[in-house]
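S.K.: Let me begin by handing over the structure; questions about it come next.
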Ligand code: PRX
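Numbering (our numbering), first residue to last: 832 to 1476.
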């Protein structure tokens, strides 16, 4: 990629204007003395260079922080690369490391989960209480015939029961497949069918901005066409009336009634799959990213300890949803494996009041707040007086994830929430990487809008398409050069997709699909995706998925979609549709199509506009050139058009 192309990418991405980013790379924010004194890792560069000298030794040390039922005999097996295997011969269990390990220790009476919903309903569970809830579900599931290796779909709100369900699956050795509860019935159905899930966990409904959302009917619509599903387990959450079919449905309360509060934990081989999490790919079919019992928790726990610098009395609030990897790793497994208190908030952080997020921080004495640039920008747009109204002395560390954070938003977060004392830890990573990969530690000198440098034990770089290093300041592709324990193992049921997506673009390295550059100090600035992926409010959505939703409408013959910059959400969708004969492209049809796509995919598909066109720019082989659509839309040079017909 040339410098010129990268400039373009920067202009159209959500990373902010190029000038802002370049200016930001010049100013360094030093950590506060107090933070440095308290930090577990005092010398960041030393920690990185020591891990780099012998990454296997480093990761082996990190693995010792977990409880293993049987030790490993080999740290890394590269014999079938890139299907890397870690901690061969070792046996452990993800749920055991999150919950059971704390039983009969002083931590068992500590609050593990504090939850609240929009109506103000608040609940607390100690580690011991979580263990009991999980065990009852384990026994209930076993009674339904669930065993090691089975797949279980979970379509639930951000409530403690979703954590119980996930932990119960992991404890049995069944793979959970959590599907974000904002996805539509069609999206849920596709994911259930791809994994052949036997059981679906859901809730009657959930709350969103004062509205009661009915989840059970979405599940009912989805499972109509899911032959693998034997039972639907329904948690009562907002007590709304929902259809109930006693032949298939079971209330969670009935499943766990009279079940023992003790249960046996399955000893899992380190490489046994723990869960599958679907993420958008470049085709309309989502990819099932597989993570395992051994390596995944090693990466997550090490980042909890070193990046989040976890202390015994931390109150960790990650505002993501358990339906995304951020929620898996940093709402549930990470904080619980670290033995601290995690917060689950059901609703949006700007409801019931616009400053609800800051009221929550104040009320729960949150020490670590981990959120997304979209939310930071939304808060910034509401004015400084909202956070200023709140006393938030408990806050120690601030995190950002999911999309590029533009320097302006970074500075606002740092100054108004961090009071220019608390570090903003911009963490770059992906569903596929399992844990934070490029991120500062609390002691790291920061630059606004940069995720700084790779985490110790991670070898990331910016290369050109031929696999050559690019000079400082020049743009290129972000790659990971060596395996790491919490990496994706395969794409569920599609190992060839794993190879093609991640290992074929640039030989010998893991291709992340992101572009960016390193400055002269080696700081990474990640600017966005190279592929046909959209990032809407930090949520990843494939253009192919959206296009296929459009063409499933009877009026649409062909469609190309692009992401256009949005001040708050980073990116939103603009679609270009060719209509079938006999259909008129008017406002009524526009609205109908927007609704249709929202219904097919879910509210994550935030649409800016639909344009009706007579033709779409295509290559000779018939591929829509979204790049051209985007350049035209944004008034940028068209670049190389030689492939265009
Ligand atoms: O483009 C990068 C962006 O989010 C993508 C991964 O999306 P997903 O798998 O949904 O996981 C999101 C949460 C880990 C990446 O390929 N991304 C994530 N974090 C950052 C980011 N882009 C820039 N800066 C970040 N800190």
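Note that beta-carbon positions come from the ideal geometry of N, C-alpha and C, so glycine has one too.
#1: What first and last residue would you give for the alpha helix (DSSP H) that runs through residue 1408?
#2: Given that a residue counts as buried once 16 or more other Cβ atoms are within 10 Å of its Cβ, and exposed if not, what is residue 874?
#3: Using the DSSP secondary-structure output, state which residues sit across from residue 1373 in a beta bridge.
#4: Could you tell me the boundaries of the alpha helix (DSSP H) in which residue 1000 lies?
#5: Taking 7 Å as the line, does the beta carbon of residue 1261 fall inside it for any heavy atom of the ligand PRX?
#6: Could you tell me which uninterrupted alpha helix (DSSP H) segments, each at least 4 residues in length, are contained entirely in the region 1321-1360, listed from first to last along the chain?
#7: Looking at the structure shown, is residue 842 part of a helix, part of a strand, or coil, going by DSSP?
#8: Classify residue 1146: buried if its beta carbon has 16 or more other beta carbons within 10 angstroms, exposed otherwise.
#9: Could you check if residue 850 is buried or exposed, using at least 16 other CB atoms within 10 Å of its CB as the buried criterion?
#10: Which residue or residues does DSSP assign as beta-bridge partners of residue 1231?
#11: Assign residue 900 to buried or exposed, taking buried as 16 or more other Cβ atoms, counted over all protein chains shown, within 10 Å of its Cβ.
#12: Is residue 861 near the ligand PRX - that is, is its Cβ less than 7 Å away from at least one heavy atom of it?
#13: Given that a residue counts as buried once 16 or more other Cβ atoms are within 10 Å of its Cβ, and exposed if not, what is residue 931?
#14: Return the chain-ordered list of same chain residues with a C-beta closer than 7 Å to the C-beta of residue 1365, the five sequence neighbours on each side being excluded.
#15: Output needed for residue 1275: all residues of its chain with C-beta closer than 6 Å, excluding positions within five of it in sequence on either side, in chain order.
#16: With a threshold of 6 Å on Cβ separation, who are the neighbours of residue 1482 within its own chain once the five nearest residues in sequence on each side are excluded?
#17: Kindly confirm or deny that the region 1034-1046 and the region 1169-1185 touch, where touching means at least three C-beta pairs closer than 8 Å.
#18: Can you give me the Cβ contacts of residue 813 inside the same chain, cut-off strictly under 7 Å, excluding the 5 residues immediately before and after it?
#19: For residue 1073, write down the residues that DSSP places opposite it in a beta bridge.
#20: Using C-beta distances below 6 Å, list every residue in its chain close to residue 947, excluding the 5 sequence neighbours before and after it, in chain order.
#21: Would you decide whether residue 1466 is buried or exposed? Buried here means 16 or more other CB atoms lie within 10 Å of its CB.
#22: With distances taken from CA atoms, which of 896, 1264, 1409, 1193 is nearest residue 1448?
#23: Can you tell me which of the three DSSP states residue 1277 falls into?
#24: How about residue 969 and residue 1115: do their beta carbons lie closer than 8 Å?
#25: Pick helix, strand or coil for residue 928, following the three-state DSSP scheme.
#26: Which runs of the alpha helix (DSSP H) spanning at least 4 residues fall entirely within the region 1050-1130, listed in chain order?
#27: Helix, strand or coil, according to DSSP, for residue 1456 in the structure here?
#28: Secondary structure at residue 1132, three-state DSSP: helix, strand or coil?
#29: Under the criterion of a Cβ to heavy atom distance below 7 Å, does residue 1155 qualify as lining the ligand PRX?
#30: Using the Cα positions of residue 956 and residue 1106, report the straight-line distance between them to the nearest angstrom.
#31: Starting from residue 803, trace the alpha helix (DSSP H) in both directions and tell me its first and last residue.
#32: Count the other CB atoms, across all protein chains shown, that sit within 10 Å of the CB of residue 1008; report buried if there are 16 or more and exposed otherwise.
#33: So what's residue 1449 in DSSP terms, helix, strand or just coil?
#34: Reducing DSSP to helix, strand and coil, say where residue 1313 ends up.
#35: Any heavy atom of the ligand PRX closer than 7 Å to the Cβ of residue 1060?
M.R.: Put simply:
#1: Residue 1408 -> not in any alpha helix (DSSP H); beta strand (DSSP E) instead, spanning 1401-1410.
#2: exposed
#3: 1364.
#4: 991-1003
#5: yes
#6: 1326-1334
#7: Confidence is the limiting factor: at residue 842 the pLDDT is only 44, short of 50, which leaves the residue's position unreliable, though a coordinate-based value still follows. Reduced to three states, the DSSP call for residue 842 is helix.
#8: buried
#9: exposed
#10: 1202, 1257
#11: Burial state of residue 900 is exposed, judged by a 10 Å Cβ sphere holding fewer than 16 other Cβ atoms.
#12: no
#13: buried
#14: 1372, 1374, 1394, 1402, 1404
#15: 875, 1283
#16: Nothing about residue 1482 can be read from this structure; the chain reaches only from 832 to 1476.
#17: yes
#18: Here the chain comprises residues numbered 832 to 1476, so residue 813 is not present and cannot be evaluated.
#19: Paired residue(s): none; residue 1073 is not in a bridge.
#20: 953, 1176
#21: exposed
#22: 1409
#23: Strand.
#24: no
#25: helix
#26: 1083-1087
#27: In this structure, residue 1456 counts as coil in the three-state DSSP scheme.
#28: helix
#29: yes
#30: Approximately 24 Å between the Cα atoms of the pair.
#31: The structure shown does not extend to residue 803, since the chain is modelled only from 832 through 1476, so no value can be given for it.
#32: Its Cβ being crowded by 16 or more others within 10 Å, residue 1008 is buried.
#33: The answer is strand: DSSP assigns residue 1449 an E or B state.
#34: Residue state, collapsed to three classes: coil.
#35: no
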